[in-house]
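Each residue of the sequence shown is one higher than the last, beginning at 26 in the numbering used here. Note sheet for the following structure.
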Amino acid sequence: MTVLTAGSSPAQLESLLLQLTVPDTAAVRAATAALKPLLNKVSSVPALLCILSTSQQTAARQLSSVYLRKKVGAHWGKLKAQDRVQCQAILIERLATEPERVVKNAIAGVVTVVAKYSLPSSSWPQLLPSLETMARGQDPTMREIAIRVFRILLGSIGKTMRAHLPVLRVLFQAALDDADVSVRLEALKALSSLVSFLTDPASLAWFQSVLGSILAALSACVTSDEGNAEAAVAAIDVLEELADDPKDVLGGRLVDIVQSILAIAADSRVEMDIRERCASMISSVVDHRAASILESPALIDQLINGSMTILLESCNAAVENGADRGADDDDEEDEHSGSCRGMAVQILDQIMLNLPDSVVYPRVMSAVTTFMRHEAGGAAWRRAALFALMVSVEGAASAMRSDFDSILSVVLQGLHDVDTVVREAACLAIGQLSDHMTSSMTPDHVRRVMHAIVHCLDQPTSTLRVKRKLCLAIEAICTEVDQGTCNDYIGALVQRLFTLVRANGDDISLLEASLNALAAVAKNAGKEFAPYFNDTIQLVHAAMSSSDEAHEPLRGAAMRCAGAVLLATGETTPCEPLMQLSLAAFQSATDPSLRESAFHFWSLIAQLLQSSFQPYLQTVVQLALDAIESEDGMNFRSTKADLNAEFGGHQDEDEDESLGEDTIEDGDCIDDSDAESPFRCSILSGYLDEKVAAADCLTSICRCTGPIMVPLIKPIQECFELLAEYPHENMRLVALKGLHDLTVQVGTLYPSQGPTPSEEARTMIDATIPILVIMVTDDESRDVVASGLDALLSVITTFKGDVFNDHLPDIVRCITQVLQSTIEADKYPLADTEKDSILDSCCDLIGGLPQALSTEVSVAMVRELWAPLGTRFSQGDALTQALIIGALGEAVDALQGAMPSDIAVLPIAMQALASDHCRLRRNAAFCAGACFAASGIAPQDASRFSSVLLDLLAAPIPVNDDHAMAAVDNVCSALCKLVAGPSRCTFDPLRVFEAVIGACPLKVDMDECRPVYTALATALWTNLPPQARSGAAAHALVSKCAAGICQADTDEVKSAIAAVLQPVLREVAADVNLAALSPEEQDVCRRLMQC
26 MTVLTAGSSP AQLESLLLQL TVPDTAAVRA ATAALKPLLN KVSSVPALLC
76 ILSTSQQTAA RQLSSVYLRK KVGAHWGKLK AQDRVQCQAI LIERLATEPE
126 RVVKNAIAGV VTVVAKYSLP SSSWPQLLPS LETMARGQDP TMREIAIRVF
176 RILLGSIGKT MRAHLPVLRV LFQAALDDAD VSVRLEALKA LSSLVSFLTD
226 PASLAWFQSV LGSILAALSA CVTSDEGNAE AAVAAIDVLE ELADDPKDVL
276 GGRLVDIVQS ILAIAADSRV EMDIRERCAS MISSVVDHRA ASILESPALI
326 DQLINGSMTI LLESCNAAVE NGADRGADDD DEEDEHSGSC RGMAVQILDQ
376 IMLNLPDSVV YPRVMSAVTT FMRHEAGGAA WRRAALFALM VSVEGAASAM
426 RSDFDSILSV VLQGLHDVDT VVREAACLAI GQLSDHMTSS MTPDHVRRVM
476 HAIVHCLDQP TSTLRVKRKL CLAIEAICTE VDQGTCNDYI GALVQRLFTL
526 VRANGDDISL LEASLNALAA VAKNAGKEFA PYFNDTIQLV HAAMSSSDEA
576 HEPLRGAAMR CAGAVLLATG ETTPCEPLMQ LSLAAFQSAT DPSLRESAFH
626 FWSLIAQLLQ SSFQPYLQTV VQLALDAIES EDGMNFRSTK ADLNAEFGGH
676 QDEDEDESLG EDTIEDGDCI DDSDAESPFR CSILSGYLDE KVAAADCLTS
726 ICRCTGPIMV PLIKPIQECF ELLAEYPHEN MRLVALKGLH DLTVQVGTLY
776 PSQGPTPSEE ARTMIDATIP ILVIMVTDDE SRDVVASGLD ALLSVITTFK
826 GDVFNDHLPD IVRCITQVLQ STIEADKYPL ADTEKDSILD SCCDLIGGLP
876 QALSTEVSVA MVRELWAPLG TRFSQGDALT QALIIGALGE AVDALQGAMP
926 SDIAVLPIAM QALASDHCRL RRNAAFCAGA CFAASGIAPQ DASRFSSVLL
976 DLLAAPIPVN DDHAMAAVDN VCSALCKLVA GPSRCTFDPL RVFEAVIGAC
1026 PLKVDMDECR PVYTALATAL WTNLPPQARS GAAAHALVSK CAAGICQADT
1076 DEVKSAIAAV LQPVLREVAA DVNLAALSPE EQDVCRRLMQ C
């Protein structure tokens, strides 16, 4: 084997490079190891240039260029001036004369790196003129490469390239009209790189003038028969990037462009890849430029109609496909139908989510009605209408609630349709309504749906495909509506589901769907399912007993059904035989989904049996641990070379883009030996789901089985600690839950004998808290961060006390980093709902810690967090400010008067009360009330604050906004705390009394019942002038306080309000008109007067 020394010749270096291409892993590794120290020397640059210039081997020239690109940047400053000039000359010469395209691409990569170091100092004057000549030349490959190099240089040394923009614009625009598709493709990418340079009206106007050429290029690619899909997609990518740009570079052309893209998406003659990319762009534009879309009602109509057209194309294909395959064949959509439906759903979904319901819902319903009534359209039109309705549910749920009766009528009309494909769509629509509109479904609605389902199941024309979809509808509605809502139909549903199972033994998917539906019915029925228990257990026993490999999905469904029925009824007698069947099924399973079902089943059995689970404990825990540790379904790659070998070339994200797809031919690999390669692992989803179910099973066992699991605490703990570093976030989320539940359970198993946790619990806490902190601090998953914060709060509030003092610096650092991270778009590109989740959890932790820790420690924590909270508050939007001020209010409330005076929470809260953002105003009022209750307020401030609060109570109250109504509740409470708190401020008792009476009863925040009604009956009532303490005022006071007692959600609060109301009631009994009160309020008053 050749070994290269410091004085080796280019020929020997070339030999080592060629050794990388042989199909011998040992030889490749040896060559890589030998190259590494040599390439770290400056002398490697001229040696590689020599190979590039003289070698007759294409692979050697290519590989020398690849390594030059990687190394020349590090060595450039150490080269002599004449060597740099020679290097530049060789690169230009070889770029112009190299015969092989793959080597030209690699040389272009070297050029971009050398240019990055040379052009800013004007030390390569020959490059740009040479590239311009190539861009105008006759060779299309050279034109393409020249445009690519210009594009990359714009991104890497933009300031230097700015002076050359006039020339580049001309070159790029000419390339856009090039006859060669590869040049046009590169020109499209290059134009997008100019967006950041559009800083003046002239450049913006020029760019907008080019938009026509971009659309023309896109149109040419779409209509071409030469397979120009890649160029078309590139053009769409450019247009989408332009549409998203905050400088609004498209100006007034946005509507025209969206219309053009929509026309392509709806054209059935266009390649599906192009159409799907168009749909993706449209959905992105609707998402990010909703305000611009709203300015064009005609465009909104076109988007909805275009979506319906694409949806109809999908449904036509489904109808034709259904007719071809027969009524009961496999019901999977063909690829074309599925792609069309996906496009339409993508566009409609964004329309419904991002545009006001009042604008889009009537339009969609008009289209749905037209399609349902289309006389000549046939089944495809009605199917499309139901799919459109189904997609609209999530985004327009608020508008649909007021129209739910008519919507349900449309769906039920579809369920009674004569065509199979329409009934299938109606079943799916029922499931969607159940998922998103349960709150609108009255018992009468459920009755109508169940009646229609039962009727449809009984129809001889209902095919097996329809019956499968009906089972899905039963499962959805029984899962989502309140328990017991479906009780009137238990018998009818169970009877028909039994019939489906017994009469269709060969249709595994129908049997699986039937058992899943049966499980949902049992969950909804609870104890009412008892009459059907024995027959159901016989069915699942038979299904679980099958040894046919093809029946594994059925056995899994049988386990899920068995678990649901056992848990619903509380019966434990069949547990032993079913456990044995499930263990046998697990051992013989070839499909991970069956093992996943077994773990779910065992979780339910553990909940049911609790300590009686002991006979199975050791076996189940070991199976779960083995499943989690198993490498089945996993694919490991430990080096970039492995990735390179599999995918035909790998490029680091932080390297200059230059090589394209032709970097390495035929899957040969190059190891990026000058950087550590991350360990890479992928896992098939079925095996991941099995592992998640196994970990969930361990969590259930920890939570439910009590002392019998003590010997297994250590291995389970070690398992969860390992899972906390698992590559997939689903496993890390399960690890969080497992560590939390195990820690809490250890505290239960080893109770404290005093104010501090037991030694066992302390040991577990000391192991768990650092892991949670690391996950919150370092994890890239937003869900993991939010769940980790929740787990920290739960563990701390469970145990309380000084046991957490040693961990507090890390917890504070963790909170500070999360606050900062939500600002940094590079780590958390957050939507409002995602930010809400993370910040909400973080602020819950901030507000919850003072309730669990000592006052001294809590004050120190708040003081340390005050600066980062202030920074985050000042930089945040209204939602962020609402969450932070809510957390501060919780802290003030917990610390009472111990909050340091230099931490000025109250001024921030009072200022935020002026916000139009209802949630911010709500939380600010709560925070202000906590401050009033905790400490005294200077008289002049108290008078000013009371005026602000009274003005807020006098303003109109939006009755359809929970946050707005809760804001009024909290303002009312804050006012009561101010006048009844330590300040004992001077106030106009009659004005305050009338304002509070007018705001009662409370609408949303029932936690404020106690301070409001107590203040009404004490501080406010007793300060009224004698002449006002009778008549209407007395009746209003008693009425509102009685309503407060009825509203209060705990007996403690009810008793507190009753205690202050009782003496007032005795005083003013003659002025109270009991008949004017509600029956419940009358009962409260009578009982208080009788005491």
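We put the CB at the ideal spot given by N, CA and C, even for glycine.
| query | result |
| --- | --- |
| Have a look at L144, V206, E211 and A188 and flag the residue whose alpha-carbon is nearest the alpha-carbon of A171. | E211 |
| Give me, in chain order, the residues of the same chain whose beta-carbon lies closer than 7 Å to that of S725; leave out the 5 immediate sequence neighbours on both sides. | S628, A631 and Q632 |
| Could you name the residues that DSSP lists as bridge partners for S285? | Paired residues: none, contrary to the question. |
| When DSSP labels each residue in this structure, what does S90 get in the three-state scheme? | helix |
| On the DSSP bridge assignment, give the partners of M659 in chain order. | I708 |
| Who are the Cβ neighbours of N1098 in its own chain at under 7 Å, not counting the five residues just before and after it? | H1060 |
| Please report the residue range of the alpha helix (DSSP H) in which K1002 lies. | D987 to A1005 |
| Can you tell me whether D869 is buried or exposed, with buried defined as 16 or more other CB within 10 angstroms of its CB? | buried |
| Are the beta-carbon atoms belonging to A719 and A786 less than 8 Å from one another? | no |
| Excluding the 5 residues flanking F745 on each side, which residues of the same chain have their C-beta closer than 6 Å to its C-beta? | A760, G763 and L764 |
| Looking at F554: is its Cβ nearer than 8 Å to the Cβ of T594? | yes |
| Nearest by alpha-carbon distance to D1013: which of A1024, C1025, P1007 and L1000 is it? | L1000 |
| Output the distance between the C-alpha atoms of E362 and C340, rounded to the nearest integer angstrom. | It should be noted that the sequence gives Ser, not Glu, for residue 362. In a straight line, the C-alpha of S362 is about 7 Å away from that of C340. |
| First and last residue of the alpha helix (DSSP H) that includes A555? | Careful: A555 lies outside any alpha helix (DSSP H) and carries neither H nor E. |
| Measuring CB to CB, does G134 end up less than 8 Å from S90? | yes |
| A369 and M415 - do their beta-carbons sit closer together than 8 Å? | no |
| What is the DSSP secondary structure of A1100, reduced to helix, strand or coil? | helix |
| Would you please state the rounded distance, in angstroms, between the beta carbons of F957 and G922? I believe it to be under 8 Å. | Contact flag wrong, Cβ pair sits at about 11 Å. |
| For L709, count neighbouring C-beta atoms within 10 Å of its own C-beta (all shown protein chains included) and say buried if the count is 16 or more, exposed if not. | exposed |
| Closer than 8 Å is the cut-off here; do at least three beta carbon pairs connect the region 550–566 with the region 504–515? | yes |
| Can you grab the Cα-Cα spacing for the pair E537 / A544, in whole Å? | 11 Å |
| Report all residues from its chain with a CB closer than 8 Å to the CB of S1055; omit the five preceding and five following residues, and keep chain order. | V1093 and D1096 |
| Any idea what DSSP makes of A348, helix, strand or coil? | Caution applies to A348, whose pLDDT of 43 falls short of 50 and renders its modelled position unreliable; the value that the coordinates give is listed next. Reduced to three states, the DSSP call for A348 is helix. |
| Quick one: using the 10 Å Cβ neighbour count with 16 as the cut-off for buried, is S539 buried or exposed? | buried |
| Specify, as a first and last residue, the run of the alpha helix (DSSP H) that N379 falls within. | E360 to N379 |
| Going by C-alpha distance, which of L913, A547, A1073 and V735 is nearest M1031? | A1073 |
| Can you name, in chain order, every residue of its own chain whose Cβ lies under 6 Å from the Cβ of R350, other than the five neighbours on each side? | Here the model assigns R350 a pLDDT of 41, short of 50, so the residue's position is not dependable and the matter cannot be decided. |
| Looking at C-beta atoms only, is the number of pairs between the region 159–171 and the region 199–214 that lie closer than 8 Å three or more? | yes |
| I'd like to check one pair, S636 with T730: are the Cβ atoms closer than 8 Å? | yes |
| For I738 and V771, which I take to be in contact (beta-carbon distance under 8 Å), what is that distance rounded to the nearest angstrom? | 7 Å |
| Residues in its own chain within less than 7 Å of V882 by CB, not counting five upstream and five downstream? | N830 and L833 |
| Do you know offhand how far L497's Cα is from A450's? | 11 Å |
| What is the residue span of the alpha helix (DSSP H) that V820 lies within? | R807 to F824 |
| Mapping DSSP to helix, strand and coil, what is L765? | Leu is not the amino acid found at residue 765; the sequence shown has His there. H765: helix per DSSP, three-state reduction. |
| For T793, I'd like the list of residues in its chain whose CB is within less than 6 Å of its CB, leaving aside the five on either flank, ordered along the chain. | L764 and T768 |
| Using 8 Å as the cut-off, can you tell me whether the region 1035–1054 makes contact with the region 1063–1071, which would need three or more C-beta pairs spanning the two stretches below that distance? | yes |
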